[in-house]
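Residue numbers (this note's numbering): 5 to 303.
Glycine is no exception: its CB is placed at the ideal position from the N, C-alpha and C atoms.
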(Lines of atoms letter the chains of each structure in order from A; the text may use other names.)
(Lines give C-alpha, C1' and ligand atoms only; values in the text may rest on other atoms or scores of the structure.)
Protein backbone atom coordinates (compact mmCIF):
# COMPACT_ATOMS: atom_id res chain seq x y z
CA UNK A 5 0.00 0.00 0.00
CA UNK A 6 2.86 2.40 0.82
CA UNK A 7 5.44 1.01 -1.62
CA UNK A 8 6.48 3.52 -4.27
CA UNK A 9 8.87 3.75 -7.18
CA UNK A 10 10.31 7.18 -7.92
CA UNK A 11 13.20 7.97 -10.28
CA UNK A 12 13.45 4.24 -10.88
CA UNK A 13 14.17 3.70 -7.17
CA UNK A 14 11.99 1.33 -5.17
CA UNK A 15 11.07 2.37 -1.63
CA UNK A 16 9.00 0.62 1.04
CA UNK A 17 7.24 3.94 1.74
CA UNK A 18 7.49 7.54 0.50
CA UNK A 19 9.37 8.80 3.58
CA UNK A 20 13.00 9.89 3.18
CA UNK A 21 15.54 10.97 5.79
CA UNK A 22 16.42 14.57 4.86
CA UNK A 23 19.98 15.78 4.41
CA UNK A 24 21.99 17.05 7.35
CA UNK A 25 19.92 15.57 10.17
CA UNK A 26 22.19 12.83 11.54
CA UNK A 27 25.91 12.10 11.45
CA UNK A 28 26.78 10.63 8.13
CA UNK A 29 27.91 7.11 8.89
CA UNK A 30 26.72 4.08 6.95
CA UNK A 31 25.42 2.52 10.17
CA UNK A 32 23.23 5.51 11.05
CA UNK A 33 21.77 5.56 7.55
CA UNK A 34 21.00 1.84 7.86
CA UNK A 35 19.42 2.46 11.24
CA UNK A 36 17.16 5.13 9.75
CA UNK A 37 15.94 2.58 7.22
CA UNK A 38 15.45 -0.12 9.86
CA UNK A 39 13.33 2.32 11.85
CA UNK A 40 11.08 3.18 8.96
CA UNK A 41 12.68 5.45 6.35
CA UNK A 42 12.13 4.36 2.76
CA UNK A 43 15.34 6.08 1.60
CA UNK A 44 18.00 8.43 2.96
CA UNK A 45 19.81 11.57 1.86
CA UNK A 46 23.39 12.09 3.05
CA UNK A 47 24.78 15.33 4.40
CA UNK A 48 25.89 17.67 1.63
CA UNK A 49 29.35 16.74 0.30
CA UNK A 50 31.79 19.24 -1.20
CA UNK A 51 35.17 19.10 -2.91
CA UNK A 52 37.11 20.00 0.23
CA UNK A 53 36.58 19.13 3.91
CA UNK A 54 34.72 21.83 5.87
CA UNK A 55 34.57 22.16 9.65
CA UNK A 56 31.49 24.35 9.50
CA UNK A 57 30.78 27.26 11.81
CA UNK A 58 31.70 27.58 15.46
CA UNK A 59 29.04 26.95 18.12
CA UNK A 60 26.32 27.88 18.66
CA UNK A 61 24.98 26.50 15.40
CA UNK A 62 21.40 25.61 16.40
CA UNK A 63 18.61 27.53 18.12
CA UNK A 64 15.59 25.51 19.26
CA UNK A 65 12.29 27.39 19.14
CA UNK A 66 8.79 26.30 20.21
CA UNK A 67 7.88 25.95 16.52
CA UNK A 68 11.09 24.66 14.90
CA UNK A 69 14.82 25.20 14.59
CA UNK A 70 17.18 27.79 13.22
CA UNK A 71 20.50 26.26 12.20
CA UNK A 72 23.71 27.53 10.66
CA UNK A 73 26.00 24.52 10.50
CA UNK A 74 28.10 25.84 7.62
CA UNK A 75 27.95 22.68 5.47
CA UNK A 76 30.41 20.62 7.58
CA UNK A 77 31.55 17.54 5.69
CA UNK A 78 34.66 15.36 5.28
CA UNK A 79 35.12 16.14 1.58
CA UNK A 80 34.41 13.77 -1.29
CA UNK A 81 37.50 11.56 -0.91
CA UNK A 82 36.95 10.78 2.78
CA UNK A 83 33.24 10.24 2.15
CA UNK A 84 33.95 7.79 -0.63
CA UNK A 85 36.49 5.94 1.51
CA UNK A 86 34.01 5.55 4.39
CA UNK A 87 31.25 4.25 2.12
CA UNK A 88 33.48 1.96 0.03
CA UNK A 89 32.24 -1.62 0.13
CA UNK A 90 29.06 -0.78 2.05
CA UNK A 91 25.90 -2.51 0.84
CA UNK A 92 22.49 -0.85 1.19
CA UNK A 93 19.16 -2.51 0.44
CA UNK A 94 17.45 0.88 0.12
CA UNK A 95 18.15 3.99 -1.97
CA UNK A 96 20.99 6.28 -0.84
CA UNK A 97 20.70 9.77 -2.28
CA UNK A 98 23.97 11.69 -2.10
CA UNK A 99 23.64 15.44 -1.54
CA UNK A 100 26.35 17.55 -3.18
CA UNK A 101 27.16 21.25 -3.17
CA UNK A 102 29.57 23.49 -5.03
CA UNK A 103 30.28 27.08 -5.96
CA UNK A 104 30.14 26.53 -9.73
CA UNK A 105 28.47 24.12 -12.19
CA UNK A 106 31.89 22.56 -12.73
CA UNK A 107 32.26 21.75 -9.02
CA UNK A 108 28.85 20.07 -8.94
CA UNK A 109 29.75 18.05 -12.05
CA UNK A 110 33.12 17.05 -10.57
CA UNK A 111 31.45 15.71 -7.42
CA UNK A 112 28.76 13.83 -9.31
CA UNK A 113 31.39 12.16 -11.46
CA UNK A 114 33.55 11.18 -8.48
CA UNK A 115 30.72 9.93 -6.24
CA UNK A 116 28.68 7.88 -8.71
CA UNK A 117 29.60 4.54 -7.14
CA UNK A 118 28.18 5.63 -3.77
CA UNK A 119 24.95 7.16 -5.07
CA UNK A 120 21.64 5.77 -6.25
CA UNK A 121 20.71 9.39 -7.04
CA UNK A 122 22.08 12.88 -6.43
CA UNK A 123 20.39 15.79 -4.68
CA UNK A 124 21.89 19.12 -5.74
CA UNK A 125 22.00 21.51 -2.80
CA UNK A 126 21.05 24.74 -4.57
CA UNK A 127 19.41 26.26 -1.53
CA UNK A 128 21.44 26.37 1.72
CA UNK A 129 20.64 29.86 3.11
CA UNK A 130 23.72 30.44 5.28
CA UNK A 131 26.87 29.27 3.46
CA UNK A 132 28.51 32.14 1.59
CA UNK A 133 29.18 31.36 -2.04
CA UNK A 134 27.08 28.19 -2.07
CA UNK A 135 23.49 26.99 -2.01
CA UNK A 136 20.95 29.80 -2.05
CA UNK A 137 23.40 32.31 -3.49
CA UNK A 138 23.54 30.12 -6.61
CA UNK A 139 20.03 28.68 -6.50
CA UNK A 140 18.04 31.93 -6.45
CA UNK A 141 18.82 32.51 -10.14
CA UNK A 142 16.97 30.24 -12.61
CA UNK A 143 19.89 30.51 -15.04
CA UNK A 144 22.29 29.18 -12.42
CA UNK A 145 19.90 26.34 -11.57
CA UNK A 146 19.75 25.44 -15.26
CA UNK A 147 23.54 25.50 -15.67
CA UNK A 148 24.22 23.39 -12.57
CA UNK A 149 21.64 20.73 -13.43
CA UNK A 150 22.81 20.56 -17.05
CA UNK A 151 26.46 20.23 -16.01
CA UNK A 152 25.63 17.32 -13.70
CA UNK A 153 23.40 15.61 -16.26
CA UNK A 154 26.29 15.70 -18.72
CA UNK A 155 28.50 13.55 -16.48
CA UNK A 156 26.15 11.03 -14.85
CA UNK A 157 23.23 8.79 -15.67
CA UNK A 158 22.14 8.72 -12.03
CA UNK A 159 18.82 10.47 -11.29
CA UNK A 160 19.18 14.14 -10.38
CA UNK A 161 17.06 15.96 -7.79
CA UNK A 162 17.35 19.76 -7.64
CA UNK A 163 16.73 21.05 -4.10
CA UNK A 164 15.05 24.44 -4.38
CA UNK A 165 15.19 27.48 -2.14
CA UNK A 166 12.04 29.19 -0.81
CA UNK A 167 14.00 32.45 -0.52
CA UNK A 168 12.76 33.68 -3.90
CA UNK A 169 9.80 35.56 -5.29
CA UNK A 170 8.68 32.65 -7.52
CA UNK A 171 9.86 29.11 -6.86
CA UNK A 172 8.16 27.83 -10.02
CA UNK A 173 10.77 29.64 -12.15
CA UNK A 174 13.48 27.64 -10.39
CA UNK A 175 11.58 24.39 -10.82
CA UNK A 176 10.96 25.02 -14.51
CA UNK A 177 14.65 25.83 -15.04
CA UNK A 178 15.65 22.57 -13.36
CA UNK A 179 13.15 20.59 -15.42
CA UNK A 180 14.30 22.21 -18.67
CA UNK A 181 17.91 21.31 -17.87
CA UNK A 182 16.98 17.65 -17.40
CA UNK A 183 16.41 17.25 -13.66
CA UNK A 184 14.58 14.04 -12.87
CA UNK A 185 12.83 15.59 -9.83
CA UNK A 186 12.88 18.60 -7.56
CA UNK A 187 12.78 18.70 -3.78
CA UNK A 188 11.16 21.64 -2.01
CA UNK A 189 11.77 23.40 0.18
CA UNK A 190 15.06 24.04 1.91
CA UNK A 191 15.11 26.22 5.00
CA UNK A 192 14.03 29.86 5.20
CA UNK A 193 16.56 32.57 6.00
CA UNK A 194 16.12 33.51 9.66
CA UNK A 195 17.70 34.98 12.79
CA UNK A 196 17.35 34.73 16.58
CA UNK A 197 18.63 37.37 19.04
CA UNK A 198 19.61 36.95 22.68
CA UNK A 199 17.89 39.88 24.38
CA UNK A 200 20.31 39.87 27.32
CA UNK A 201 23.53 39.50 25.34
CA UNK A 202 21.93 41.89 22.84
CA UNK A 203 23.37 40.05 19.86
CA UNK A 204 22.43 37.26 17.42
CA UNK A 205 22.61 33.83 19.02
CA UNK A 206 24.13 31.90 16.11
CA UNK A 207 27.84 32.35 15.50
CA UNK A 208 27.00 32.99 11.84
CA UNK A 209 24.19 35.35 12.89
CA UNK A 210 21.93 34.18 10.03
CA UNK A 211 20.63 30.63 9.78
CA UNK A 212 17.99 28.47 8.13
CA UNK A 213 14.58 28.06 9.74
CA UNK A 214 12.94 24.62 9.62
CA UNK A 215 10.18 22.73 11.40
CA UNK A 216 6.41 23.03 11.87
CA UNK A 217 6.42 26.81 11.44
CA UNK A 218 7.39 26.60 7.77
CA UNK A 219 4.92 23.84 6.80
CA UNK A 220 2.28 26.10 5.19
CA UNK A 221 4.99 27.82 3.12
CA UNK A 222 6.49 24.50 2.02
CA UNK A 223 3.05 23.11 1.24
CA UNK A 224 2.23 26.12 -0.93
CA UNK A 225 5.56 25.72 -2.77
CA UNK A 226 4.84 22.06 -3.53
CA UNK A 227 1.31 22.92 -4.66
CA UNK A 228 2.58 25.66 -6.98
CA UNK A 229 5.33 23.46 -8.42
CA UNK A 230 2.95 20.56 -8.99
CA UNK A 231 0.76 22.79 -11.13
CA UNK A 232 3.56 23.56 -13.61
CA UNK A 233 6.05 20.67 -13.54
CA UNK A 234 5.89 17.29 -15.25
CA UNK A 235 8.67 15.78 -13.11
CA UNK A 236 8.11 14.42 -9.58
CA UNK A 237 8.27 16.66 -6.53
CA UNK A 238 9.69 15.60 -3.17
CA UNK A 239 8.05 17.63 -0.41
CA UNK A 240 10.08 18.94 2.55
CA UNK A 241 9.28 21.37 5.32
CA UNK A 242 7.77 20.87 8.76
CA UNK A 243 6.37 17.38 8.20
CA UNK A 244 5.84 16.19 11.76
CA UNK A 245 2.62 14.11 11.73
CA UNK A 246 0.89 11.75 9.33
CA UNK A 247 -1.66 14.48 8.67
CA UNK A 248 1.14 16.76 7.49
CA UNK A 249 2.41 14.00 5.22
CA UNK A 250 -1.02 13.44 3.68
CA UNK A 251 -1.37 17.17 3.01
CA UNK A 252 1.89 17.18 1.04
CA UNK A 253 0.85 14.10 -0.94
CA UNK A 254 -2.50 15.68 -1.79
CA UNK A 255 -0.68 18.86 -2.84
CA UNK A 256 1.31 16.92 -5.42
CA UNK A 257 4.38 15.50 -3.68
CA UNK A 258 5.30 11.97 -4.77
CA UNK A 259 7.67 11.44 -1.82
CA UNK A 260 8.50 13.29 1.39
CA UNK A 261 11.64 14.19 3.30
CA UNK A 262 11.64 14.47 7.08
CA UNK A 263 14.37 16.33 8.95
CA UNK A 264 13.58 18.51 11.95
CA UNK A 265 11.05 16.01 13.33
CA UNK A 266 13.80 13.36 13.35
CA UNK A 267 16.17 15.75 15.12
CA UNK A 268 13.58 16.54 17.80
CA UNK A 269 11.88 13.15 18.23
CA UNK A 270 14.16 10.49 16.82
CA UNK A 271 13.84 7.90 14.07
CA UNK A 272 10.53 6.63 15.48
CA UNK A 273 8.72 9.38 13.55
CA UNK A 274 9.11 7.38 10.35
CA UNK A 275 7.06 4.41 11.56
CA UNK A 276 4.51 6.69 13.24
CA UNK A 277 3.93 8.71 10.07
CA UNK A 278 3.95 5.67 7.79
CA UNK A 279 1.36 3.89 9.95
CA UNK A 280 -0.81 7.00 10.00
CA UNK A 281 -0.73 7.31 6.21
CA UNK A 282 -1.62 3.64 5.83
CA UNK A 283 -4.57 3.93 8.23
CA UNK A 284 -5.79 7.04 6.38
CA UNK A 285 -5.64 5.28 3.00
CA UNK A 286 -7.66 2.32 4.32
CA UNK A 287 -10.25 4.52 6.00
CA UNK A 288 -10.66 6.65 2.88
CA UNK A 289 -10.91 3.65 0.55
CA UNK A 290 -7.60 3.97 -1.31
CA UNK A 291 -5.49 0.97 -2.28
CA UNK A 292 -2.20 2.79 -2.84
CA UNK A 293 -0.46 5.98 -1.81
CA UNK A 294 -0.13 6.79 -5.52
CA UNK A 295 -3.89 7.34 -5.70
CA UNK A 296 -3.84 10.44 -3.51
CA UNK A 297 -0.85 12.25 -5.03
CA UNK A 298 -2.06 15.59 -6.36
CA UNK A 299 -5.75 15.12 -5.60
CA UNK A 300 -5.95 18.64 -4.13
CA UNK A 301 -4.91 20.06 -7.50
CA UNK A 302 -8.05 18.71 -9.16
CA UNK A 303 -10.59 20.79 -7.28
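The region 7-27 and the region 85-103 touch, with three or more beta-carbon pairs separated by less than 8 Å. The region 20-96 is shown to contain whole beta strand (DSSP E) runs of 3 or more residues at 43-45, 62-65 and 68-71, in chain order. Judged by DSSP secondary structure, residue 230 falls within the alpha helix (DSSP H) whose first and last residues are 219-232. Non-local beta-carbon contacts of residue 275 in its own chain, meaning distances under 8 Å to residues more than five positions away in sequence, involve 39 and 40 in chain order. Within the same chain, 30 and 118 come within 7 Å of residue 87 by CB-CB distance, once the 5 residues on both sides are set aside. Within the region 147-222, the runs of beta strand (DSSP E) that reach at least 3 residues and sit entirely inside it are, in chain order, 160-163, 185-188, 192-195 and 210-214. For residue 10, the uninterrupted beta strand (DSSP E) segment begins and ends at 8-10. Residue 191 has its alpha-carbon roughly 5 Å from the corresponding atom of residue 212. In this structure, DSSP gives residue 300 a helical state, which the three-state scheme calls helix. By the Cβ test, the region 151-159 is not in contact with the region 197-215, since fewer than three Cβ pairs between them sit closer than 8 Å.
Taking C-beta separations shorter than 7 Å and ignoring five residues to either side along the sequence, the partners of residue 76 in its chain run 54, 55 and 56, following chain order. In summary, residue 17 is buried, with 16 or more beta-carbon neighbours lying within 10 Å of its beta-carbon over all protein chains present. 193 is the residue among 250, 5 and 193 whose C-alpha sits nearest the C-alpha of residue 127. The alpha carbon of residue 65 has as its nearest neighbour, out of 218, 295, 273 and 299, the alpha carbon of 218. In the same chain as residue 230, and ignoring 5 residues on each side of it, the C-beta atoms closer than 7 Å to its own belong to 237, 255, 256, 298 and 301, in chain order. By the CB criterion at 8 Å, residue 178 and residue 149 fall inside the cutoff. Boundaries of the beta strand (DSSP E) around residue 122: 121-125. In terms of CA proximity to residue 140, 165 leads the group 165, 246 and 116. Note: residue 116 is not bridge-paired with any residue in the DSSP secondary-structure output. Residue 173 is not a Cβ neighbour of residue 204, given a cutoff of 8 Å.
Rounded to the nearest angstrom, the gap between the Cα atoms of residue 232 and residue 176 is 8 Å.
Here residue 49 is buried: its Cβ has 16 or more other Cβ atoms, across all protein chains shown, within 10 Å. Taking the Cα positions, residue 290 is about 47 Å away from residue 59.
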